[in-house]
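Below is one structure, written out as structure tokens; the observations come after it.
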Amino acid sequence: MDGFLSTPIGILAITLAQTLALLVPVLIGVAYLTLAERKVLAAMQMRKGPNVVGPFGLLQPFADALKMLMKETIVPSGSNRYLFLFAPMLTFMLAMLAWAVIPVNEGWAIADINVGILYLFAISSLGVYGIIIAGWASNSKYAFLGALRSAAQMVSYEVSMGFVIVTVLMCVGSLNLTAIVKAQETVWFFIPLFPMFIIFFISTLAETNRAPFDLPEGESELVAGFFVEYSSMSFALFFLGEYANMILMSALTTILFLGGWLPPIATEPFTWIPGPIWFALKICLCLFTFIWVRATFPRYRYDQLMRLGWKVFLPFSLLWLVLTAAVLKLTGWLPA
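Residue numbers (this note's numbering): 278 to 613.
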């Protein structure tokens, strides 16, 4: 058996099994995140959420999926048919590809590469292309305006996110995601880097086009933005891609600032709970905050969105980066 596992076919089989073991729970999580959001929003607004399909409404995601599958895919006349259909597939594929380097426990990653954080940053940057292609290929001015606003928004907040990530990397001395988690065995980074943690979390809201930064989908002025011309499963892929990116950004926040799979206190009974369970609980906490923010804050104006990114987050994150470098240098805390 060991001989077979060392062959190219065996290695491929192991990689495929690891991929399915990670992506199947992610896809199930995406489906039930849509239900959880509706339930949490309903509770915050003192009303009932989905409660008809199945016990407590637990089969609602499957009903939604069946409805999308049975609808007709309408391609607008004058659109670029191939790019129009390719854009949602690209968005969804990128959301799934990013999980290749996410460690849910020590040694539990499909590819535990030394430059995992750069891989994630590259994949998240490519997500802009799916949105721009969708807006342009739709042959609609509303969709194109939504795509341009989304691209500008994502690029703007990726800059400050980059400085936040560099600050964390300076404290670790490695680009490996597992090493970042292990560096937090003494103290989670959200405590010494609390301002950067807040900036990073708000930037993830803008990066995933979530309220109060859901300007690309501004119904009042853009009638749903870049995917206004999409229907059935092509729309569902954009929808699932957004929720998959929410889970991904929550996982990245957990790894960078909340100790990954590490327990809050490294003593019993906290150590009895397996690392992947802690990792999932922290992701759920971040996702709950995503939904909480949506239920609480009104949408920003676009000029306010850009001002916050370029005139507040960018200079502050750069200043904190310089201060962190100075403190690490003067105190001799720079990692070897």
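All C-beta atoms, glycine included, are put in the ideal place defined by N, C-alpha and C. In this text the structure is predicted, and so the values were computed from the model without any measurement.
Exercise for the section: Would you mind reading off the limits of the alpha helix (DSSP H) that contains Tyr406? Expected result: Gly393 to Ala414
Exercise for the section: Could you tell me whether the Cβ atoms of Ser402 and Tyr434 are closer together than 8 Å? Expected result: no
Practice task
Could you tell me whether the Cβ atoms of Leu300 and Met373 are closer together than 8 Å?
Solution key: yes
Practice task
Note down the Cα distance separating Gly412 from Thr463, rounded to an integer number of angstroms.
Solution key: 47 Å
Practice task
Could you check how far apart the C-beta atoms of Ile468 and Ile394 are, in whole angstroms? I think they sit under 8 Å.
Solution key: At roughly 20 Å, the Cβ-Cβ gap does not stay under 8 Å, so Ile468 and Ile394 are not in contact.
Practice task
Go ahead and pull the three-state DSSP assignment for Asn522.
Solution key: Asn522 falls in the helix class under three-state DSSP.
Handout entry: Cys561 versus Leu362 - alpha carbon distance
Key = Approximately 32 Å, taken between the alpha carbons.
Exercise for the section: Let me know the secondary structure DSSP gives Ser437 once reduced to three states. Expected result: helix
Handout entry: Tyr579, enclosing alpha helix (DSSP H) - first and last residue
Key = Tyr579 to Arg584
Problem - Glu507 - DSSP class collapsed to helix/strand/coil - result: It is worth fixing the name first, because residue 507 is Tyr in this sequence and not Glu. In the structure shown, Tyr507 sits in coil (DSSP, three-state: anything other than H, G, I, E or B).
Exercise for the section: Flag this pair as yes or no: are the beta carbons of Asn382 and Gly502 separated by less than 8 Å? Expected result: no
Problem - Nearest to Ser511 (by Cα), restricted to the options Lys316, Asp491 and Lys344 - result: Lys344
Exercise for the section: State buried or exposed for Ser594, treating a residue as buried only when at least 16 other CB atoms are found within 10 Å of its CB. Expected result: buried
Practice task
Select from Ala420, Cys563, Leu514 and Ala298 the residue whose C-alpha is nearest the C-alpha of Phe385.
Solution key: Here the sequence assigns Trp to residue 385, which means Phe is not the residue at that position. It is Ala298.
Problem - Exposure label - Gly518; buried when at least 16 CB within 10 Å - result: buried
Practice task
Counting only runs of 4+ residues fully inside the segment 421-476, write out the alpha helix (DSSP H) ranges in chain order.
Solution key: 454-459
Problem - Opening and closing residue of the alpha helix (DSSP H) in which Asp615 lies - result: One cannot answer for residue 615 here, as it falls past the ends of the chain, which runs 278 to 613.
Handout entry: Contact belief for Ser417 with Pro353 at Cβ below 8 Å, rounded distance in angstroms
Key = 7 Å
Problem - Euclidean distance between Cα positions of Lys588 and Pro472 - result: Those two C-alpha atoms are separated by around 16 Å.
Problem - Cβ-based burial, Arg584 [other Cβ within 10 Å; buried from 16] - result: exposed
Handout entry: 8 Å Cβ cutoff met for Phe477 and Met523
Key = no
Practice task
Measure the alpha-carbon distance for Phe534 versus Pro575 and round it to whole angstroms.
Solution key: Answer to the nearest angstrom: the Cα atoms are 27 Å apart.
Handout entry: Minimum length 4: unbroken alpha helix (DSSP H) runs contained in the segment 509-572
Key = 509-534
Problem - Cutoff 6 Å; reference Gly404; Cβ partners in own chain excluding five residues on either side - result: Leu371
Handout entry: Best match in Ala375, Ala543, Phe565 and Pro493 for proximity to Tyr577 [C-alpha to C-alpha]
Key = With distances taken between Cα atoms, Tyr577 lies closest to Pro493.
Problem - N-terminal and C-terminal residue of the alpha helix (DSSP H) that Met345 is part of - result: Gln337 to Met347
Handout entry: Secondary structure, beta strand (DSSP E): runs of 3+ residues fully inside the segment 278-335
Key = None, since the segment 278-335 contains no complete beta strand (DSSP E) of that length.
Practice task
List the endpoints of the continuous alpha helix (DSSP H) containing Pro575.
Solution key: That residue, Pro575, is in no alpha helix (DSSP H); it is neither H nor E in DSSP.
Problem - Through-space distance from Gly326 to Ala320, alpha-carbon basis - result: 8 Å
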